[in-house]
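**Q** Quick one: the structure is below, questions incoming.
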Amino acid sequence: MKTLQPAELSTFHTFSIPTQAHHLVVLDSANELKSLRQQQPSCPMLIGQGSNLLFVETRKAPLMKFDFSAVCIKEHQNDYLIRAEAGKNWHEMVCELCERGIGGLENLALIPGTVGACPVQNIGAYGVDVSQICQSVEVFDWASGHSFELDFEQCEFAYRHSVFKTSKAESWVIVAVNFKLTKSWQPQIDYHGLAEQLDVTDPSPKDVMKAVVTVRQSKLPNPEVLGNAGSFFKNPTVSMQLAQHLKNQYPTMPQFQNQRGVKIPAAWLIDHRGWKGRAVGGASVHAKQALVIVNHGQAKASDVVQLAHDIQQDILTAFGILLTPEVRFVGQEKELTLEQAYAQSRV
């Protein structure tokens, strides 16, 4: 365990915007959580790889990061059971499994972040999400000092949501995730553009993974070149009534029915309103992907917040849809909503 006081955070989040934290603890083992708990009465915020975070001001409350990343693979007759520690880089694990011919995660390649973050957002891409292959999640409870394991049902997975985003999980820290991957794997390549990248008739997990990486790299900017947090907003789900009303007004609007209503791509809404390339200060909407806000090197957190707020309000006015950010706004002591971050930036 090591402590950085203060910590410069530009290298700890993918927006790469300079800011500081008063206190950042880096843990080498989950066993160190109990001793850290004795020093810190309240649970420090776990930042993972900072791939969906925006630090909007100097952080006064403590932060922590995991440097433990072991992956254990157990082979059974019909499947593989994978236990991955929370600090493991997600894309690295996907690549390692695909290299061994183990399928199930390849559609989720190149998603930034750690294994510990994957169940929180129930990350997904190209027709696959974590809830389809997650067996259980191991948790340390800061309030009680005890560890326990949540099975699939207890994780309460939904679209970009899980129990880990609710109030009951405020004192929980994910230390490992267990996956169950079937040996009767079949490639999921129905997503538009994915099959076209495959030049083999019987693709392996590695083949699909490479195709996913190619498609993602063609659409999304590399955060090591242009700071960003990937998709800034969630795809909204609206009522059938509103969806039909919008379809009458905008016949080309893509819509997808689901159990909760009709999902509309946020990127289409933002693009249709002409936001691609528009900037506030050093932040802009990416020229090729309307769902991504990028840092051109000189952006301040307030630039990103202003731009996101302007987009959100414009979409609300134009379509009657309030976009929900996927990005988390981190304040001095707590997490903020976009509205709170915007109000604070105006002071």
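The sequence shown begins at 0 in numbering that gives the first Met the number 0 and counts up one residue at a time. Just so you know, even glycine gets a beta-carbon here, dropped at the ideal spot from N, CA and C.
#1: Following the continuous beta strand (DSSP E) through V174, name the residue where it begins and the one where it ends.
#2: Roughly how many angstroms separate the alpha carbons of I320 and L268, rounded to a whole number?
#3: What's the gap between the Cα of N121 and the Cα of F14?
#4: For the beta strand (DSSP E) that contains Y79, what are its first and last residues?
#5: State the start and end residues of the unbroken beta strand (DSSP E) segment that holds E137.
#6: What is the DSSP secondary structure of I269, reduced to helix, strand or coil?
#7: If distances are taken between C-alpha atoms only, which option among P264, L3, S50 comes closest to L225?
#8: Would you mind giving the Cβ-Cβ distance between G280 and D302, rounded to the nearest angstrom? I have them listed as a contact below 8 Å.
#9: In the DSSP assignment, find the unbroken beta strand (DSSP E) run with A69 in it and report its ends.
#10: Pull up the distance between the alpha-carbon of I173 and that of N247, whole angstroms please.
#11: Using a Cβ-Cβ cutoff of less than 6 Å, which residues in the same chain neighbour V199 once the five nearest sequence positions on both sides are dropped?
#12: Buried or exposed for F147, please, with buried defined as at least 16 other CB atoms from any protein chain shown within 10 angstroms of its CB.
#13: Please list, in chain order, all residues of the same chain as V214 whose beta carbon is under 7 Å from its beta carbon, the five residues on each side excluded.
#14: Exposed or buried, which one is N366 when buried takes at least 16 other CB atoms within 10 Å?
#15: Give me whichever residues DSSP pairs with Q256 in a beta bridge.
#16: Quick check for students: name the residue ranges of the alpha helix (DSSP H) that lie wholly in the segment 187–218, counting only runs of 4 or more.
#17: Check whether the segment 123–137 and the segment 95–110 are in contact - that is, three or more C-beta pairs closer than 8 Å.
#18: With a threshold of 16 other CB atoms inside 10 Å of the CB of Q311, please say whether the residue is buried or exposed.
#19: Just how far apart, CA to CA, sit A265 and L241?
#20: Given H295, which residues of its chain have a CB within under 6 Å of its CB, disregarding the five upstream and five downstream residues?
#21: Under 8 Å: do the segment 136–146 and the segment 28–38 share three or more Cβ pairs, one atom per stretch?
#22: Answer with buried or exposed for G276, where buried requires no fewer than 16 other C-beta atoms within 10 angstroms of its C-beta.
#23: For L35, collect the residues of the same chain with a Cβ closer than 8 Å to its Cβ; drop the 5 residues on either side in sequence, then sort them by chain order.
#24: For the candidate residues S143, G47, S9, whose alpha-carbon lies nearest to that of V349?
#25: Which of the three DSSP states, helix, strand or coil, is assigned to T236?
#26: So for L321, helix, strand or coil by DSSP?
#27: Any idea what DSSP makes of Q19, helix, strand or coil?
#28: Looking at G260: is its Cβ nearer than 8 Å to the Cβ of S230?
#29: Looking only at its chain, what residues have a beta carbon closer than 7 Å to the beta carbon of L290, apart from the 5 residues adjacent to it on each side?
**A** Walking through what the data contain:
#1: 171–181
#2: Cα to Cα, I320 sits roughly 9 Å from L268.
#3: 21 Å
#4: 78–84
#5: 133–140
#6: helix
#7: S50
#8: Their Cβ separation, rounded to whole angstroms, is 3 Å, which keeps G280 and D302 in contact under 8 Å.
#9: First-last for A69: undefined, no H or E at that position.
#10: When rounded, the distance between both Cα atoms is 45 Å.
#11: D206
#12: exposed
#13: G192, L193, Q196
#14: With the chain represented from 0 up to 346, any question about residue 366 goes unanswered, as that position is not in the structure.
#15: V261
#16: As far as the segment 187–218 is concerned, its whole alpha helix (DSSP H) runs of at least 4 residues are 204–218.
#17: yes
#18: buried
#19: 15 Å
#20: Taken in chain order, the residues that qualify are G281.
#21: yes
#22: exposed
#23: M0, V24, L26, P43, M63
#24: Here the chain covers residues 0 to 346 and nothing more, so residue 349 does not appear.
#25: Annotated three-state conformation of T236 is strand, per DSSP.
#26: coil
#27: The DSSP-derived three-state label of Q19 is strand.
#28: no
#29: S230, F231, F232, A265, A266, I269
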